[in-house]
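To keep things clear, I will list the structure first and then write my remarks on it.
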Amino acid sequence: MSEIADHLEVSTAAQFKALGHPLRHRLLFALGQEAATISQLAVALRVAKGTVAHHLGVLRDAGMVHVAETRQVRGGTEQYYRRSVRRFDFVGEGARANHAVSLQAVAADLETADPDLTYTVRNLRLTREQAAELGATLDRLVGDLQDAGPGESRYGVVVSVYRPHQPPPARQP
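FYI, our numbering numbers position 52 of the sequence shown as 55, with every residue one higher than the one before it.
Given below as C-alpha cells:
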C-alpha cells in the first residue's frame, strides 16, 4: 500500500471544486487512515454505490484519494481507496465556502451518530489574543492525536474558533 502525504494545501479552484459537495468530505472522513471499497463506503455512509463511485472519481481526479490496493474477487477486481493526504489546509478565496460545505458533511454524520456524542457550542467574549491562544491550543491538541488503527471506532472532531459578523455599534444620541 502506498503511503499518504502529511498535508495538502488546498488553494486552487479545481481543488475547492472537488471538495464542493458534502458527500466528498464524508468520504474523506470515512477513509481516515484505512482503505475501503466502494461497497464498504456505501454501506457505512448509507449511500448508493453509484453515487459513492462518482464522488470517489472526482476526489481521485483531484489527487485526494487513490487506489491503494486491488484484489481479485469472484471474477472481478475489487479496488480499495485510500486518502492521499492526512490533513487538508484550506487557504485563499475558496476556504470560506469550503467551511460551510464541510460543516454540512459533519451535520450529515451527526444525524446518524451514536447518541453518546459530545457536542458543545459556546459563544463568549474573548480578546483577540485569547481567541488566538485558544485556537492554537485546540489545533495543537487535535493535531497531536494519533489514529488508534484498524478495529477501533471512528470519531469525528470539529474544532473552530471564529468571530461571527458583528454589526457596527449603535450610535448614541
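All residues carry an ideal CB built from backbone N, CA and C; glycine is no exception.
Just so we're clear, the structure is a prediction, and the values are computed from it rather than from any experiment.
- For the set Leu62, Leu34 and Gly53, the Cα lying nearest the Cα of His24 is the one of Leu62.
- Taking a C-beta distance under 8 angstroms as the contact criterion, Arg29 and Asp112 qualify as a contact pair.
- Distance from the Cα of Val160 is smallest, within the candidate group Val104, Thr121, Ala134 and Glu81, for Thr121.
- Fewer than three beta-carbon pairs drawn from the region 87 to 106 and the region 127 to 137 are found closer than 8 angstroms, and the two stretches are therefore not classed as touching.
- Between the region 8 to 20 and the region 36 to 53, the count of C-beta pairs closer than 8 angstroms stays below three; the two stretches do not touch.
- When the five nearest sequence neighbours on each side are left out, the beta carbons in the same chain lying within less than 6 angstroms of the beta carbon of Thr73 are those of Thr80 and Gln82, in order along the chain.
- Per the C-alpha coordinates, the member of Arg99, Ser87, Tyr165 and Val109 positioned closest to Leu129 is Tyr165.
- Non-local C-beta neighbours of Gly95 in its own chain, meaning closer than 6 angstroms and more than five positions away in sequence, comprise Ser14, ordered along the chain.
- Between Val68 and Leu34, the C-beta spacing is below 8 angstroms.
- Setting aside the 5 residues that flank it on each side, Asp142 is surrounded in the same chain by Val162, each with a C-beta closer than 8 angstroms to its C-beta; the list follows chain order.
- Phe93 and Leu31 have their C-alpha atoms spaced approximately 15 angstroms apart.
- With respect to the 8 angstroms criterion, Arg85 and Ala71 are classified as neighbours on the basis of their beta carbons.
- Using a 10 angstroms sphere on the CB of Ala65, the tally of other CB atoms reaches 16 or more, which defines it as buried.
- As summarised for the region 101 to 152, there are no continuous beta strand (DSSP E) elements at least 3 residues long confined to that stretch.
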